[in-house]
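**Q**
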Amino acid sequence: MGRAPCCDKANVKRGPWSPDEDMLLRNYVEKHGTGGNWIALPSKAGLKRCGKSCRLRWLNYLRPDIKHGGYTEEEDNLICTIYKNIGSRWSVIASHLPGRTDNDVKNYWNTKLKKKMMARDQSASSTTTTTTPESSLPSDHTTQTSLKVEPSEEYYSTGTSSAGHENNGMIGNYWSEYGDGEMEAMLFELGFLRSYETQEVGDGGPWLPPTLSNLWEFSDLP
DNA sequence: AAGTTGGTCAACCGCAGGTGC
DNA sequence: CGCACCTGCGGTTGACCAACT
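Under this note's numbering, the first residue of the first sequence is numbered 53, with each subsequent residue one higher.
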């Protein structure tokens, strides 16, 4: 016997949300929070919806800090960079783009950014023979397990970037934008850093930008 | 004007992992 | 330890709209 369904599909509404439903959900969450229980929330809020549907609606559309559309060049580059290194882990990618959701980033990538980056890739390869990470999208990897990016010295050392990180290429570029704390957390989360602790960050110790010697090779990414 | 095609995006589905009992 | 429940995630679908034929 399989698992019980999360809700009684016969008695829940599906499809697009109406303004009334949005209002009910927004009012309830703003007043009571989610209570850590999305399953029970619909009945409490007076909605005939599945808890998962409510959660999705709130996270992807109703949350007050949500941004829709209007992606900047910086966001494009960041999405592309992270995607190339970790694949389609949209929640991780979205966590580095304030106001963006995984669903939004995923849709944006699938509908626009992938083509944009491919076009950029083609134009870049027609003008130069050198391959940089920005211009070497993996042809296709829909699953994390298939992700095998060759370690590239260029990735870390081709750039002339911000002060103090001039030997870290593209990563250094992001350092200038996000700062040490953001980047150390990001790299650690992505599995680039061999050891968060050994960097002596967060306890007053000196923070050193990662080099090839203290980064995981991409093929060993978790 | 009608039909077709392609793009966009909200929403759904099913699975994996975490957690509490 | 095993089970059930819940959340979060990534892939996919389908409705809607605009552009094109």
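Yeah, the Cβ is synthetic: ideal placement off N, Cα and C, and Gly gets one too.
Can you tell me which of the three DSSP states residue 89 falls into?
**A** DSSP places residue 89 in coil when its eight states are reduced to three.
**Q** Taking residue 141 and residue 114 to be in contact with their CB atoms under 8 Å, please state how far apart those CB atoms are, rounded to whole angstroms.
**A** Their Cβ separation, rounded to whole angstroms, is 24 Å, which puts residue 141 and residue 114 out of contact at 8 Å.
**Q** So, is residue 125 buried or exposed, given that buried needs 16 or more other C-beta atoms within 10 angstroms?
**A** Per the 10 Å Cβ criterion, exposed.
**Q** Considering only C-alpha positions, which residue in the set 122, 105 and 107 is nearest to residue 152?
**A** Taking only the C-alpha atoms, the option nearest residue 152 is 122.
**Q** DSSP three-state call for residue 63: helix, strand or coil?
**A** Reduced to three states, the DSSP call for residue 63 is helix.
**Q** Please classify residue 103: does DSSP put it in a helix, a strand, or coil?
**A** The answer is helix: DSSP assigns residue 103 an H, G or I state.
**Q** Can you tell which of 63, 64, 154 and 98 has the C-alpha that lies nearest to the C-alpha of residue 72?
**A** When only C-alpha atoms are compared, the closest one is 98.
**Q** Hey, how far is the Cα of residue 63 from the Cα of residue 95?
**A** If I take the Cα positions, the gap works out to 12 Å.
**Q** Which of helix, strand or coil does DSSP assign to residue 163?
**A** In the structure shown, residue 163 sits in a helix (DSSP, three-state: H, G or I).
**Q** Expressed to the nearest angstrom, what Euclidean distance is found between the alpha-carbon atoms of residue 131 and residue 176?
**A** Those two C-alpha atoms are separated by around 19 Å.
**Q** Can you tell me the Cα-Cα spacing of residue 164 and residue 128, whole angstroms?
**A** Spanning the two alpha carbons is a distance of roughly 10 Å.
**Q** Given a cut-off of 8 Å on the beta-carbon distance, is the pair residue 100 and residue 136 in contact?
**A** Contact: no.
**Q** Please tell me whether residue 146 and residue 157 are closer than 8 Å, where the distance is taken between their beta carbons.
**A** Result yes, Cβ atoms of residue 146 and residue 157 sit closer than 8 Å.
**Q** Count the other CB atoms within 10 Å of the CB of residue 103; is the residue buried (16 or more) or exposed (fewer)?
**A** Buried: at least 16 other Cβ atoms inside 10 Å.
**Q** Specify, as a first and last residue, the run of the alpha helix (DSSP H) that residue 143 falls within.
**A** 142-147 is the extent of the alpha helix (DSSP H) around residue 143.
**Q** Could you compute how far the alpha carbon of residue 70 sits from the alpha carbon of residue 174?
**A** So the two alpha carbons sit approximately 43 Å from each other.
**Q** Roughly how many whole angstroms lie between the Cα atoms of residue 92 and residue 133?
**A** Approximately 39 Å between the Cα atoms of the pair.
**Q** Tell me where the alpha helix (DSSP H) around residue 77 begins and ends.
**A** Note, residue 77: alpha helix (DSSP H), 71-84.
**Q** For residue 90 versus residue 107, is the C-beta spacing smaller than 8 Å?
**A** Their beta carbons are under 8 Å apart, which means residue 90 touches residue 107 by this criterion.
**Q** In this structure, does DSSP put residue 117 in helix, strand or coil?
**A** Reduced to three states, the DSSP call for residue 117 is coil.
**Q** Mind checking which residues open and close the alpha helix (DSSP H) that includes residue 129?
**A** Residue 129 -> alpha helix (DSSP H) spans 125-138.
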